[in-house]
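Heads up, the sequence shown is in the numbering used here, so the first residue is 31 and it goes up one at a time. Here a beta-carbon is modelled for each residue, glycine too, at the ideal position from N, C-alpha and C.
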Amino acid sequence: MTTERLVGNLPEETGRLIGRRAELAQVVRLCEQSRLVTVTGVGGVGKTRLARRAAGELRPSFADGVWWVELSPLVEASQVLPYTIAETLPLADQSTRPMLEVVAEYLADREVLLVLDTCEHLVEECRTAVQALLAAAPGLRFLVTGRRTLGLPAEEALVLDPLPVPADDGSDAEGETADALVLLAERAAEAVPGFTLTAADRAEAGRLCRRLEGLPLALELAAARLRELPLAELNRHLADRYATLGNTEKEDFDADPPWHQALRTAIGWSHQLCTPAERLTWARLSVFAGTFDTEAVRRVCADELLPAAEIPDLLGALVDKSLLGWVPTGAGERYRMLDTIREHGAFWLRGLGEEDELRRRHRDHYLALARWGDAAWIGPDQFAWFDRMTAEHDNLRAALEQGLTETDEDHTALELAAALWFFWYGCGFVKEGRHYLDRALAADTAPSRARTKALYASGPVLVYLGDLPALEERAAECTALAASFGETEQIYATATELRVAALRGDLALGVSLAEELLATDWRAKPLALYPLAALVFGSHTLVAKGRFEEAIAWLDELSAACEGNGELCMRAWGDFVRSQAELALGRFREAREHARAALLVKHRLRDGVGSGLALESLARAATALGQHPDAAWLLGLASQLWDTLGRSQAGVPSMTAARLACEQQAREALGDHAYERAYQGGYDTDLDAGVAHALTPQDRREEH
31 MTTERLVGNL
41 PEETGRLIGR
51 RAELAQVVRL
61 CEQSRLVTVT
71 GVGGVGKTRL
81 ARRAAGELRP
91 SFADGVWWVE
101 LSPLVEASQV
111 LPYTIAETLP
121 LADQSTRPML
131 EVVAEYLADR
141 EVLLVLDTCE
151 HLVEECRTAV
161 QALLAAAPGL
171 RFLVTGRRTL
181 GLPAEEALVL
191 DPLPVPADDG
201 SDAEGETADA
211 LVLLAERAAE
221 AVPGFTLTAA
231 DRAEAGRLCR
241 RLEGLPLALE
251 LAAARLRELP
261 LAELNRHLAD
271 RYATLGNTEK
281 EDFDADPPWH
291 QALRTAIGWS
301 HQLCTPAERL
311 TWARLSVFAG
321 TFDTEAVRRV
331 CADELLPAAE
341 IPDLLGALVD
351 KSLLGWVPTG
361 AGERYRMLDT
371 IREHGAFWLR
381 GLGEEDELRR
391 RHRDHYLALA
401 RWGDAAWIGP
411 DQFAWFDRMT
421 AEHDNLRAAL
431 EQGLTETDED
441 HTALELAAAL
451 WFFWYGCGFV
461 KEGRHYLDRA
471 LAADTAPSRA
481 RTKALYASGP
491 VLVYLGDLPA
501 LEERAAECTA
511 LAASFGETEQ
521 IYATATELRV
531 AALRGDLALG
541 VSLAEELLAT
551 DWRAKPLALY
561 PLAALVFGSH
571 TLVAKGRFEE
581 AIAWLDELSA
591 ACEGNGELCM
601 RAWGDFVRSQ
611 AELALGRFRE
621 AREHARAALL
631 VKHRLRDGVG
641 SGLALESLAR
651 AATALGQHPD
661 AAWLLGLASQ
671 LWDTLGRSQA
681 GVPSMTAARL
691 ACEQQAREAL
701 GDHAYERAYQ
711 GGYDTDLDAG
721 VAHALTPQDR
731 REEH
């Protein structure tokens with residue numbers, strides 16, 4: 031297996047970069063000379079597009095990749111910038127250290143270019159992170175885009191101006207067509223099939239470019255209107271719009287970020303030419319973060335003024351006007367709004383007096399989605415829920431931040447953070463889950479059922495992070511609170527105490543608590559997490575105690591319960607534990623198949639701990655079967671994964687001991703040189719390709 035690891039995540043370019051040759055060369059040169067370069071300029075001037083092209087040209091210079099960190103979806107002062115950087119990198123740390131410290135350590139000996147795109151609303155947070163990371167990582171460089179610089183001593187800034195426009199007399203410099211005119215013509219051809227810029231149109235097009243001051247976004251918005259209006263009429267309308275920008279409107283806009291006159295003209299005119307329903311949709315869409323789908327828009331934006339049945343057509347109309355971007359995904363259609371367009375929508379939403387109401391609707395929609403996922407996760411659609419919720423990550427953050435700004439008796443932030451347990455635990459965001467659970471618990475301290483569930487939801491998160499003191503504290507409070515409530519809360523308390531016993535390594539107490547949970551009437555109810563967790567923890571404890579056949583009986587019950595409900599996540603944990611039991615019983619091929627079954631699910635659900643442990647089970651099975659090169663390669667692939675998590679073997683001493691024994695056996699069988707070569711081959715393999723290889727049976731590999 032020789033597929034090298036892929037490094038970097040630069041987004042695909044959505045169109046060619048028009049002009050900007052000198053600016054591109056300057057950005058590349060500055061990035062070669064300085065460790066921090068910021069591209070600034072007014073909204074809509076093309077900072078992101080230029081940075082994307084520059085990053086592409088610089089990519090060969092960075093051995094460990096160029097990584098694009100999109101910051102526009104983050105809510106101001108949301109405190110999740112370090113998590114966003116970590117999630118962009120191949121870094122899913124599951125330790126108790128502060129995330130910025132983890133990122134700094136990861137980058138310390140790497141050659142990386144980090145592109146922080148759209149920083150103006152997070153200048154303080156970005157300044158802090160950039161300073162810390164530059165100090166810790168000599169091979170790190172930053173390329174930043176925003177309307178403001180970060181204000182750091184080492185920063186080099188390039189102020190990006192609008193595109194050159196045609197001269198008043200119709201001539202262009204050195205016989206070349208002005209870049210603004212080229213952009214207008216290309217975007218018009220995309221909007222209007224068959225459009226060509228004739229000699230007769232050239233003067234009108236030049237006037238339009240000058241009126242819009244060569245600002246790319248303004249030109250693109252104007253080009254979209256050419257579906258309906260010829261150039262001359264479009265120019266006339268914009269001239270009227272420009273002339274009628276009164277002092278009152280100017281003052282209103284100047285109360286917000288300093289809008290460029292050309293952009294205010296183009297967006298304001300686009301707004302004027304929208305129907306009332308389109309304007310209202312545009313304003314209401316501004317509460318979404320990142321991308322969103324049609325159903326979310328129906329739930330958040332529709333009412334008697336915007337009937338739900340009209341939402342798809344309204345979204346299509348805004349796409350046609352270049353006010354929305356259409357984002358096809360494997361899970362269906364989604365939409366995205368440029369920051370500048372969103373900001374104008376938010377301005378109008380505030381003017382309508384609807385901002386607070388729409389943000390509550392947005393929060394309530396994602397609370398309802400979280401409740402639905404909470405109830406449905408233990409079931410047949412876990413992969414679909416994983417895809418859906420990861421696509422909604424930005425909106426979930428926005429809803430949580432909204433909940434945390436409110437003081438209400440409904441415990442909204444607590445309930446949302448707790449209902450998302452399956453997202454934190456099942457979709458690979460445990461560190462961020464702890465961040466939000468901690469904040470929600472600190473903000474809402476009154477005894478409540480919601481608090482009890484949030485304490486319970488902290489359990490799997492803290493187990494993954496290996497934070498026994500915090501888990502003990504949460505379990506004690508959960509037990510104390512449960513006494514004031516009902517049976518469900520008592521189960522939450524017992525399940526959390528079971529996790530404490532497991533993390534402590536208290537085998538006797540672990541089995542006892544698991545048996546207590548399994549003595550409930552869980553078989554007569556819809557399948558829930560707690561009995562499955564009891565079966566997993568209990569069987570793992572029985573394996574540790576050497577009671578392998580008893581453990582397998584528990585695992586048989588777990589498999590039957592999961593199979594009957596289509597559940598995959600906990601069954602995969604059961605497959606991992608079973609692989610341990612089968613290894614101990616000398617049934618190595620059976621152990622290998624169960625480890626593969628665990629790996630298939632855990633990798634799909636981005637569960638780094640589960641994937642790492644499954645890979646090491648495969649390595650142990652390979653060693654037992656005499657396949658020592660495979661074992662060394664698998665250990666290398668697993669090490670690559672552990673390096674992104676911060677805690678090898680999840681910090682479990684027995685797993686660490688098993689890994690060391692496997693490594694020693696493979697090394698003795700192969701010799702140091704052959705072992706290191708096979709190990710490094712696994713470490714250097716792209717993770718997705720490596721997992722696919724590990725999941726392929728030996729006979730099928732030989733066929734290829």
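Item                                                                                                               : Value
Residues that Glu100 bridges to, as DSSP identifies them                                                           : Asp147
CA-to-CA distance, Glu106 to Glu281, given in whole angstroms                                                      : In this prediction, Glu281 has a pLDDT of 39, which is less than 50 and means its spatial position is unreliable; nothing more can be read from the coordinates.
Buried versus exposed, by CB contacts within 10 Å (16 or more), Gly71                                              : buried
As assigned by DSSP and simplified to three states, the class of Val357                                            : strand
Length of the line joining the Cα atoms of Gly224 and Leu559                                                       : 59 Å
Arg46: first and last residue of the uninterrupted alpha helix (DSSP H) it sits in                                 : Here Arg46 belongs to no alpha helix (DSSP H), and DSSP marks it neither H nor E.
Contiguous alpha helix (DSSP H) assignments of at least 4 residues, all confined to the segment 576-663            : 578-595, 599-614, 618-634, 638-654
First through last residue of the beta strand (DSSP E) which encompasses Glu258                                    : First-last for Glu258: undefined, no H or E at that position.
Bridge partners - Glu431, DSSP secondary structure assignment                                                      : Per DSSP, none; premise fails for Glu431.
Three-way DSSP call (helix, strand, coil) for Gly711 in this model                                                 : helix
Euclidean distance between Cα positions of Pro187 and Val69                                                        : Sequence check: residue 187 is Ala here, not Pro. Roughly 6 Å between the two C-alpha positions.
Close-in-space but distant-in-sequence residues of the same chain around Arg401 (CB under 6 Å, 5 per side omitted) : Ala449
CA nearest to the CA of Arg340, picked from Leu137, Ala254, Arg328, Trp603                                         : It is Glu, not Arg, that sits at residue 340 in the sequence shown. Nearest option by C-alpha distance: Arg328.
Counted within 10 angstroms of its Cβ, other Cβ atoms place Gln694 as buried (16 or more) or exposed               : exposed
Same chain, Cβ closer than 6 Å to Glu431, five either side skipped, listed in chain order                          : Val105, Ser108
Cβ contact check for the segment 605-614 and the segment 634-654: 3 or more pairs under 8 Å                        : yes
Assigned exposure category for Gly298 - 16 Cβ within 10 Å defines buried                                           : buried
Secondary structure, alpha helix (DSSP H): runs of 4+ residues fully inside the segment 534-574                    : 537-548, 559-574
Helix, strand or coil at Phe322 [DSSP, three-state]                                                                : strand
Pro41 - DSSP class collapsed to helix/strand/coil                                                                  : coil
Other residues of its chain near Leu180: CB distance less than 8 Å, five sequence neighbours each side excluded    : Leu66, Thr68, Cys149, Val153, Cys156, Arg157, Val160, Val174
N-terminal and C-terminal residue of the alpha helix (DSSP H) that Thr78 is part of                                : 77-88
Proximity below 7 Å, CB of Ala93 to CB of Glu135                                                                   : no
Cβ shell of Asp284 (< 8 Å), same chain only, five flanking positions each side left out                            : Since pLDDT at Asp284 reaches only 42, below the 50 mark, its modelled position is unreliable, and the value read off the structure follows with that caveat. Nothing listed; no residue qualifies.
Glu308 and Ala347 closer than 7 Å at C-beta                                                                        : yes
Unbroken alpha helix (DSSP H) run spanning Phe172, endpoints                                                       : Not the alpha helix (DSSP H): Phe172 falls in the beta strand (DSSP E), residues 170-176.
Reference Asp404, options Leu379, Tyr455, Leu268, closest by Cα                                                    : Tyr455
Segment limits, beta strand (DSSP E) that includes Ala187                                                          : 185-189
Contact the segment 459-476 vs the segment 352-361: 3+ CB pairs below 8 Å                                          : no
Residues near Asp209 by beta carbon distance below 6 Å, same chain, minus five either side                         : Ile48, Gly49, Leu193, Pro194
Beta-carbon separation (whole angstroms), Leu446 vs Ala473, contact threshold 8 Å                                  : Actually they are not in contact, since the Cβ atoms of Leu446 and Ala473 sit about 12 Å apart, beyond 8 Å.
Cβ pair Leu213, Leu256 closer than 7 Å                                                                             : no
Anticipated Cβ contact below 8 Å, Trp265 with Arg237, distance rounded                                             : According to the sequence provided, residue 265 is Asn. The question's Trp does not apply to it. Right, their Cβ atoms sit about 6 Å apart.
Distance cut-off 6 Å: Gly656 Cβ against heavy atoms of the ligand SAH                                              : Looking at this structure, you won't find the ligand SAH or any other ligand, since it has none at all.
Buried/exposed call for Gly676, threshold 16 Cβ in 10 Å                                                            : buried
Backbone CA spacing between Ala708 and His658 [nearest angstrom]                                                   : 9 Å
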